[in-house]
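For the record, the sequence lines run as chains A and B. Take the first sequence: its letters are residues 1 to 517, numbered as in my numbering. Take the second sequence: its letters are residues 1 to 121, numbered as in my numbering. Cβ atoms here follow ideal geometry from the backbone N, Cα and C, with glycine treated the same way.
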Amino acid sequence: MIEHLPALVIAIPLFGAFITPLFRKRYNLAALWAILISGLTLVLVLLLEYQVLTKGMMIYVFGADKPTLVLPSGYRVPIRIMFQVDGIGAFMAISAGLMSFVGAVYSYSHLQKETGLEKYYTLLLLLTAGILGMVLTGDLFNLFVFLEIASIAGSALVGFRNYRGEASEAGIKYLIVSSVASLMVLFAVGILYGQYGHLNLAYLSKQITFNPLDMIALGLLFTSFAMKCGSVPMHYWVPDAYTEVPSGINPPLLVSTYASLYALFRVSFTLFGKITIDMATVGWIMSILGVLTMFIGVTMALVQKDVKRLMSYHAISQTGYMLLGVGVGLTVFHDKQALIEFGRTAMAGGVFHIINHIIYKSLLLLTAGALFYVTGTRNLNEMGGLARKMPITTISFMVGAAAISGIPPFNGFASKFLIYEAVYKLNPLLAIFAMVTSILTLASFVKVFASAFLGPPLEKYEKVREVPKPMIVAMVILAALCVLFGLFPDFVLDKIVYPAVDALINFIQYQSWGGLA
Amino acid sequence: MNVLTNFPFIVVALLLAIGFYTIGFKKNLIKIVIGIEIIEGAVNLFLVALGYVKGAYVPIYTLAPKEAAEVNKMVLPTPQALTLTSIVIGVAVTALMLAFAVNIYRHYGTLDVRNIRRLRG
């Protein structure tokens, strides 16, 4: 059973998704089923991570037992679809499993007033399957297919509240951006296939020569994945999509955004890892995009009045940190000394920031959903004095806000500190921008805290009570993770982050299928 | 001769240009959806054209004669499989986009993208 884990991780949410429509009109059963399936997926991805950490990279070839042995004539070229799970893939899979579980638990009571919920849970599980497929696959075309599954399910969920025109507007915006991006990915895959005749990532990365056509392919892949992960200047869909989506979907939708970021890293580090000259330029582009993204995101966030929209702009801004951290690593990728000195640390900061950000931003968006649940509005000017009425939500919000602003001892501090420290060694200016962004982040969260939770209690919220238990459970899980990751960053870094970073750096091992070829 | 062999790729480039123009400059939401469809057609054509070998056998193994086993005697089957998958995905994407467009028309009373702007700031 253990050797079939990579396939099971995809098969179980997919199976769950196709069973869910049978629970027509019995929404509670559908919700429990989704919680069960996503919980099972979470257990499986944790097992998968354990396997990857103890036994090394996992290869799963569909229809054969070895990647090299494919034809009786001895033609030693991978023609089958394979899943190739290494440190970073397993790392992303954990985030996806955890967040879809939290999202399903939260949705149980958050959406009680809505209808058509069996379709909602179907799409939630499909989104999970799409993300997991994207991060586990070792085949470029497969990557495209799962990218499309994730973006179709994601945009359908963004437009889930179809009684609101705004939801459809955000949904079509997201779908247009993602379908253009994925078509360009397919075009780039076609260019690579036309030249080398293969779709396997590891095999392609061994063959690549970096002629002008490959440069076009790299450019297309880079732009499309940067578009899909919400980097400036293609960030405009992020606030709309995150604001309009039901809050329970925010956690998995965040992970699906970062699955594209993962694909960006995979393309730059593994597929084009062999190219020694030009990757420093790509690294600089990535770092500068990161700085721009974080700065523009945070300045846009400062002026927002809609609480979820404000947090969505912060999501853009935090993506900048990841791009910056990993971009610095890519800049010095082929400079062994600088890589050991600070490149690896910068990448660890960037990768660690992915999971930290997924945790605390999901927590913040869930508290925003809780505010919406009790007040029926997202406008900050209409809220006030909710701290006494909703103590657990308030504490969760405070934990999330402290974490996103990088205040010790919460998890945001651990990863941001690594990024500052390492980026400073490449270029002090980049680090200064990152710190200023952090201060502005704190400023805007003080604003949210003051206007929503503090102040005199308003008369219209006299009867407001704390949100139902499932929502509290979801928020408390995430808040506890924020604190735990902040108190024991070394444990997390050693166990899951550095293996992920080393998987990105050590592309030779990826090319050889973990020593099988 | 060269123009003839490269003809599919010229068409691909033209279709891509038309598609991007449609997405960028047309104001009607339905036309934007059509633009995305045109880009998809371009990419599908590109994939099929990549695997095509002139004068070669169709990639159906049971009917292929002996000489099909030689190099460049059979059209590549993989790009055709890829295109089929991509067409299926494209149908799903188009259906969803049109559903959104219908819903937007119901709530906003227009399909002009300049007026569909309640989400801003």
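- Can you tell me whether T123/B is buried or exposed, with buried defined as 16 or more other CB within 10 angstroms of its CB? As shown, chain B starts at 1 and ends at 121. That puts residue 123/B outside it, with no answer to give.
- Backbone secondary structure at A36/B - three-state DSSP: Note on residue identity: the sequence assigns Ile, not Ala, to residue 36/B. Reduced to three states, the DSSP call for I36/B is helix.
- Simplified DSSP assignment, three categories, for N211/A: coil
- Item | Boundaries (first-last residue) of the alpha helix (DSSP H) holding I191/A | 165-196
- Query: Closest to F272/A by CA distance: which of L192/A, P239/A, V298/A, M311/A is it?
  - Reply: L192/A
- Query: Where do the N-terminal and C-terminal ends of the alpha helix (DSSP H) with V467/A fall, by residue?
  - Reply: It is not in any alpha helix (DSSP H) - V467/A carries neither H nor E in the DSSP assignment.
- Message: Under DSSP, the alpha helix (DSSP H) around M134/A begins and ends at which residues?
- Response: 117-136
- Message: Within 10 Å of its beta-carbon, does V232/A have 16 or more other beta-carbons around it, so buried, or fewer, so exposed?
- Response: buried
- Task: Would you list the one or two residues that DSSP bridges to I59/A?
- Result: Q84/A
- Message: When you compare the CB of L15/B with every CB in chain A, is at least one pair closer than 8 Å?
- Response: no
- Message: Nearest by alpha-carbon distance to S260/A: which of D214/A, I88/A, L292/A is it?
- Response: I88/A
- Message: What are the residues in the region 159-186 of chain A lying within 7 Å of chain B by C-beta distance?
- Response: G159, N162, G165, E166, S168, E169, A170, G171, I172, L175, I176, S179, V180, L183, L186
- Which runs of the alpha helix (DSSP H) spanning at least 4 residues fall entirely within the region 397-427 of chain A, listed in chain order? 411-426
- Quick one: which chain A residues come within Cβ less than 7 Å of L126/B? No statement about residue 126/B is possible, as the shown extent of chain B runs from 1 to 121 and does not include it.
- According to DSSP, residues forming a beta bridge with M74/B: Y57/B
- Task: Identify whether D306/A lies in helix, strand or coil by the three-state DSSP scheme.
- Result: strand
- Return the chain-ordered list of same chain residues with a C-beta closer than 6 Å to the C-beta of G384/A, the five sequence neighbours on each side being excluded. G455, L458
- Task: With a 10 Å radius around its C-beta and 16 neighbouring C-beta atoms as the bar for buried, classify Q337/A as buried or exposed.
- Result: exposed
- Message: Quick check on Y258/A - is its C-beta less than 8 Å from some C-beta in chain B?
- Response: no
- Report the residue from Y108/A, L147/A, I419/A whose alpha carbon sits nearest the alpha carbon of V326/A. I419/A
- Query: Under the DSSP definition of a beta bridge, which residues are partnered with I200/A?
  - Reply: Checking the displayed sequence, the identity of residue 200/A turns out to be Asn instead of Ile. In DSSP, N200/A forms a bridge with D139/A.
- To the nearest angstrom, how far is it from the Cα of K66/B to the Cα of D65/A? 30 Å
- Task: Helix, strand or coil for N506/A, going by three-state DSSP, please let me know.
- Result: coil
- Taking C-alpha atoms, which residue in L175/A, G154/A, L42/A lies nearest to Y120/A? G154/A
- Counting Cβ pairs, one atom from each stretch, are 3 or more of them under 8 Å apart for the region 3-23 of chain B and the region 126-135 of chain A? no
- Closer than 8 Å to chain B by CB, K148/A: The amino acid occupying residue 148/A in the given sequence is Glu; Lys does not appear at that position. Yes - at least one Cβ of chain B is within 8 Å of the one on E148/A.
- Reference I477/A; option with closest CA among G230/A, I359/A, N379/A, P408/A: I359/A
- Query: So is Y52/B in contact with chain A if we call contact Cβ pairs under 8 Å?
  - Reply: no
- Which residues does DSSP pair with N162/A in a beta bridge? Note: N162/A sits in no beta bridge, so no partner.
- Query: What are the start and end residues of the alpha helix (DSSP H) that includes P251/A?
  - Reply: 250-266
- Item | Contact the region 347-361 of chain A vs the region 252-266 of chain A: 3+ CB pairs below 8 Å | yes
- Message: For V105/A and K228/A, I'd like the C-alpha separation in whole angstroms.
- Response: 27 Å
- Query: Based on Cα-Cα distance, which residue from T5/B, L45/B, E40/B, H107/B lies nearest to G90/B?
  - Reply: E40/B
- Residue-level contact to chain A via CB, Y108/B, 8 Å cutoff: yes
- Message: I need the boundaries of the alpha helix (DSSP H) containing R344/A, first residue and last residue.
- Response: 344-375
- Using the beta-carbon count (16 or more within 10 Å), is V303/A buried or exposed? exposed
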